[in-house]
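In what follows, a structure is listed as structure tokens, so that the remarks can point back to it.
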Amino acid sequence: MIKFLIKGLLRDSHRSRLPLIVVALGVMLTVLLTTWINGVLGDSINMNAKLSTGHVKVITKAYRESMDQIPVDLSLTGTQEILSELRRDYPSVSWVERIEFGGLLDLPDSAGETKSQGPFAGLAVNFFDSRSGEAERLNLNKILIEGQLPRGPGEILVSHTFAKKLGISLLDKVTFIGSTMFGGMTISNYTVSGTISYGISALDRGSVIMDISDARKALDMEDACNEILGFNDIDYYDDAKATELMTSFNNNHQADNNEFAPVMIRLRDQNDLGGMIDLMDGVVGIISFVFILVLSVVLWNAGLVGGLRRYGEVGLRLAMGEEKGHVYRSMIAESLFIGISGSIIGSAAGLALSYLLQQKGLDLSGAMQNATMLMPGVFRTRITTEAYYIGFIPGILATLIGTMLSGIGIYRRQTARLFKELQLQ
Amino acid sequence: MRTFLTLITIFLMVPLFSQPSGKEILNLIDKNLSAKTQIMTVKMVISGARGSRTIEFKSWAEGEEKAFTEYTNPAREKGTKMLKLEDKLWIFSPSTDRIIQITGQMLRQSVMGSDLSYEDMMEDPGLSSHYNASVTGSDTLQNRKCWILQLNAVNKGEAYEVRKLWVDQERSIPLKEELFGKSGKLLKRTQLYNITRIQGRWYPMKVVYKDMLKTGDGTQFIIESIKLDEIIPATIFSKASLK
Amino acid sequence: MNNSEIINVKDLTKRFPMGLSEFTALSGINLTFSKGEFSGVVGPSGSGKTTLLNIIGLLDNPSDGDAIILGNSSKDLSPGKAALMRRRHMGFIFQTYNLLPVYTVFENTEFPLLLLKMTSGEREKAVHEALEWVGLTDKIKSRPAQLSGGECQRVAIARAMVKHPEIVLADEPTANLDADNSHHILKTMEKLNNELKTTFIFATHDDKVISYLKRKITLIDGKVSHDETVKQ
Amino acid sequence: MLAFKLAFKNLMGAGLRTWLNVFVLSLALFMIVFQSGVIEGWNRQAKRDMINWEVGGGEYWHELYDPYDPLSLNDGHGNLPAEIGQLCRDGQAVPVLVTQASVYPEGRMRNILMKGIDPSQNIIQMPTADLKVDSAVINALIGTRMAKATRLGMGDLVTIRWRDANGTFDAAEIRIAGIFHTNVPEIDNNQVWVSLDNLQKMTGIGDQVTYIILKQGLISVPTVPGWIHKGYDSLFMEIDTIIKAKGVGGIVVYIILLSLALLAVFDTQVLTIFRRQKEIGTYVALGMTRWQVVWLFTVEGAMHSILSVIAAAVWGTPILYMVAKKGFGMPKGIEGYGLTIAEKIFPAYAAGTIITMTLIILITTTIVSFIPSRKIAGMKPTEALRGKIQ
């Protein structure tokens, strides 16, 4: 029977084409909107995650108390051990070490004496090990204004505005002056391999990014760092998962009362991101609901069109002695087929488009004065798990309901009238 | 570092005699420590959140305004040199081969994690010329009788408006100093221990310096060796010697 | 063409594409209708009755030959002109009534007048008159769904007649009606034909209708086989 | 007019499906208006907050003052120019002195800015009157963010250390006499406010100030040598950029949502035309041209949008009004970057946006209604009458 139905659907393009297109289009739009909203709304959360909070973060208890001051002296030590524990216990999470620090950047003149100097906020990440994925995470290729990413030790990135302020040119040798983890003075030289722009004036005023190996050397932080960030494999903050992770880790370390004992915190515990996450969940929920509602209306129509188109055919079948219930069921089976194939096509198209927009982004910076990382001119979708199934709900349900409603007409029709109708054909 | 410099200045100022006139006591302290130059090896013990660290350095000083320091230990700091000439401060780091002048924001940072900031180091500590002294009482410190001396700045622009010194009546050497803000808030405290006879003068071989606004145990300076009135070649106090 | 002749069908042939070949619905029809005729095209299903009516009604074009309606050759008429002709001079009555379901009896009847851009006063008068003819003044506000088949068809007649057209084309008007209603409808139309001298052309194979006709044109396989005037 | 009347009747006759389409369209319209209202509300509120709390009617900066460069504070101050001094005395402006300082909550040093302002000012909303409270020590005001970061509460004493104009160190206990809550982090993060008199005395800087906040609505401003007038253009640059970016991100949501609503209308049109072939035939038989019928159906489809505007107005207005009245909760997620965001945004619905959106919906609905209706022009009326068109 199913084969028979499929044959009919495939051969009768009128019967299947429009509803299929409508279902697919509607499903595609639903998927696209879901990923879009997740992408755009999740953007600032995501940016926070990548830039500073991680999905979860391991720090010391003392560090937690004055985190806004990024106190390097309260850093984690024995990080190799902590890392291997994290990697063993939570292998699905990517763990990366970061050092946030502050200091002075000093540009020498030709005689080697200070020409200009300015304070900066430094971020040390593991660039050289490409497995860490840090360069991608920080979108460094995109925010690079001039030059190139550091390729080896001693190379750093400086925020563009800061570089301009100090008069730093590419490949200039600059000196970092700061304090080590133990409070000692540290001075080291670096080559500016490129300039970057976050687009957040607070960061662009004075930022330096360097490889963590360089920072460790400079800050006397062998086997230490102030933050270990954990990222889920999907590039999306999952609050439940983060909470679970945090509880588990902190339970394991409950006994350790040392102020330098590691403790895990979540993204939502930092930068007041909790409210943002709640809002986003709410908005995604509401919009998805609205979309499913809207799509159901659309597809109900499609179902009706499909049903009505085949008024004559149904009449004939009834006239030939097919049972009403059987005709009804077969129509529903057909609509189910259309619903499923439409949803598959639509979801595939929606996901493909979303994927494209996730990878390439939609560049709307032309519509803005100046794009930033906080408010990127390039908008991206984010494919979440729900994107894979969300389109099927309205896609199948609505088609089904539409057909069921339009099919009720079959029961209403008097067999006697059928012959008259047939006569007319 | 700065403590060390302050210390030296104090020594230079503190006269030996005990006489209950502020000016006289200042002169006595001065006399006691009137060496033109000092060359010393110092061990600095810094207590911090992560326990204490020891840093060793050798320093050359001439008068109030010239000082040169070279760090010798630990390995990380070895070869780092600082030069102070009047109100300017330069640092040389061997690994970078750079001479950097410490200005602006950096001045408020702590030196090597100690209770001293570079700002503190920049102070010009000429006590007798910059402060009016008066004896306000006596006290017993380290089992020794002390005059309590109050110093009030003569001119505006001194880092500390008021200083209080506890001066050993017999040896004319301060055992404690407290630095106050204009409004009378205690900012820093220096305690001097192990007063030892060196080349006919009394010298504290251990000084504990504490920033009173911060928590912590303060920073200890332990003088391991000291030579006074040696002739120091002028080239030491030049930027050329940093490299 | 004399003065009373309002329709002249000349050598009319109509072919429809049917798959790869063609189906000839009408072939070489020659007919004239005079003003005030109460005539009908009769014949079995598929004999071409509706096609002929559609061509006369300017809803369809001849493949060959011509139909001259009120002096206008169907060949020369643009779709717009044809629409104008229908609007002003023709009324249609269908087997399935084709009333506009969402409108009341009054509004359905009024519709052709709206197209003629008559004032509301004129329209109201004309609609009332038309509904009086068909005896539906009491159902003015009813919707088609609330009416019986006979009543629907009477509304359709009122709609066709309200603008006093020269020609009324009625395609199987009684096919969906019982005998009583059929006679009622036919009597109404006969009366209007007498009073207003409107030309009625039926397409039918209903004997009840045929019994009322004053001229009976028999169509078989797209050709006129008889054309007789019934003496009463 | 006839077409509109007919279209309206037909739509009403179609019942439920019409209303579903209308609802869907009105939902799109509502969401668009709502979203742009929230963004516009944020924009206005952020600016209003900034005006009320931070920038007043604009500012004069000492030419050497750069808020992003702490070093500039050493020299970025001067005596009040006469013209502005007069404004200050007239209550039309209030001067602010900014110095660097360190506070030591719990013995950990934190570098901050100490700002002095006249306690009796009423140019900005900061509750500076709290600074007048009788106290043996210096009264200070801090914002809630600063209070949270330093864990300081009302009445707490904390040590603050600064250097006076000559470089002399000083430190004192200050008493937290007030904690203000503002949406403007720029006057809160790492800042301690004291009275201008106190600060000038503490720093021995005389009558010098760093910048001057003008009263709102002060239009004519003198040009003063050595002082730079900062108007809203430059003060609002960052927020403008962000608002614009938010708006652009929203457009895509509009487009997708509208597309879906239009798909519903399109689909309905296709169905309508298919179902009502006989009616189409009848119209033609009654003397309408086919294009007239096309027009009729297009108008009918387009009328969905008109109804949707009415519907959106009927069900949406109370909601929009309520939200505008009660506000819309906003998280403080990106506040860390120094943006002004209220915890509650009161959407502002711009008439221009509503009209534009209505027009866009009207036009696009007309287009998608026309596309399927166009088919009518190609229909054979004879076949339409028999309902045979596939």
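Residue numbers (our numbering), protein chains in the order written: chain A, 10 to 434; chain B, 13 to 255; chain C, -4 to 227; chain D, 18 to 407.
C-beta atoms are modelled at their ideal positions from N, C-alpha and C, and glycine is treated no differently.
| field | C-alpha distance - D/Y249 paired with D/Q233, whole-angstrom precision | value | 11 Å
| said: Using 9 Å as the threshold, is the C-beta distance between B/T208 and B/Y221 below it? | reply: no
| Does DSSP put A/R97 in a helix, a strand or coil? | helix
| Does the Cβ-Cβ distance between D/F253 and D/T289 come in under 9 Å? | no
| message | Tell me the DSSP secondary structure of B/V123 in three-state form. | response | coil
| said: Pull the bridge partners of B/K157 from the DSSP assignment, please. | reply: B/T152
| task | Kindly confirm or deny that the region 349 to 369 of chain A and the region 34 to 54 of chain A touch, where touching means at least three C-beta pairs closer than 8 Å. | result | yes
| message | Please classify A/Q89 as buried or exposed, where buried requires at least 16 neighbouring CB atoms within 10 angstroms. | response | exposed
| task | Could you give the DSSP three-state label for D/G184: helix, strand or coil? | result | coil
| For B/Y221, the residue or residues it bridges with in DSSP | B/T202 and B/T231
| query | By a C-beta neighbour count over all protein chains shown, 10 Å radius and 16 as the cutoff for buried, is C/T45 buried or exposed? | reply | buried
| Nearest candidate by alpha-carbon position, reference C/V100, set C/M80, C/L142 and C/A170 | C/L142
| said: Going by DSSP, what residue range makes up the alpha helix (DSSP H) through D/A99? | reply: A99 to R106
| task | Mind listing, in chain order, the continuous alpha helix (DSSP H) runs of no fewer than 4 residues lying wholly within the region 213 to 260 of chain A? | result | 221 to 228
| message | My parser needs the beta strand (DSSP E) runs of 3 or more residues fully inside the region 71 to 156 of chain A; what are they? | response | 103 to 117, 123 to 134 and 153 to 156
| task | Decide if the region 193 to 204 of chain B is in contact with the region 85 to 93 of chain B; the criterion is three or more beta carbon pairs, one per stretch, under 8 Å apart. | result | no
| query | What do you get for C/N25, buried or exposed, if any count of 16 or more other CB atoms within 10 angstroms of its CB means buried? | reply | exposed
| task | Run the CB neighbour count on D/Y338, radius 10 Å, all protein chains shown included, and call it buried at 16 or more, exposed below. | result | exposed
| query | Under the three-state reduction of DSSP, which class applies to B/I243: helix, strand or coil? | reply | coil
| Nearest candidate by alpha-carbon position, reference D/D173, set D/E123, D/G133 and D/T145 | D/E123
| query | Do you know how far the Cα of D/K263 is from the Cα of A/M384? | reply | Confidence at A/M384 is low in this model, with a pLDDT of 49, below 50, so the placement of that residue should be treated as unreliable; the coordinate-derived value is given next. In a straight line, the C-alpha of A/M384 is about 7 Å away from that of D/K263.
| Proximity to A/G192 [Cα-Cα], best of B/V179, B/T227, B/G125 and B/G60 | B/G125
| said: One question on the structure: do D/I140 and D/V115 come within less than 9 Å of each other, judged by their Cβ atoms? | reply: no
| message | Using beta carbons (cut-off 9 Å, strictly below), is D/V201 in contact with chain A? | response | no
| said: Counting only Cβ pairs nearer than 8 Å, list the residues of chain B close to D/G124. | reply: L225, K226, T227 and G228
| query | Beta-carbon of A/Q367 versus every beta-carbon of chain D: anything under 9 Å? | reply | no
| said: Within 9 Å of any Cβ in chain B, is that where the Cβ of D/S119 sits? | reply: yes
| query | Once you ignore the five residues that flank A/A358 on each side, which residues in its own chain have a CB closer than 7 Å to its CB? | reply | A33 and M37
| task | Just the C-alpha distance for A/L362 and A/S352, rounded to the nearest angstrom, thanks. | result | 15 Å
| request: Assess, as a yes-or-no matter, whether the region 160 to 176 of chain B is touched by the region 181 to 197 of chain D under the definition of 3 or more beta carbon pairs within less than 8 Å. | output: yes
| message | Please confirm whether A/M388 has its beta-carbon closer than 9 Å to some beta-carbon of chain D. | response | Looking at the sequence provided, one finds Phe at residue 388 of chain A rather than Met. Yes, because at least one Cβ of chain D sits closer than 9 Å to the Cβ of A/F388.
| If we call anything under 9 Å between Cβ atoms a contact, is C/I152 one with C/I51? | no
| field | Strand pairing of D/A118, partner residues [DSSP] | value | D/I129 and D/W179
| To the nearest angstrom, how far is it from the Cα of B/W102 to the Cα of A/T390? | 52 Å
| task | Indicate the three-state DSSP secondary structure (helix, strand or coil) for B/L101 in the structure shown. | result | strand
| message | At 4 residues or longer, what runs of the alpha helix (DSSP H) sit wholly inside the region 145 to 209 of chain C? | response | 174 to 191 and 202 to 207
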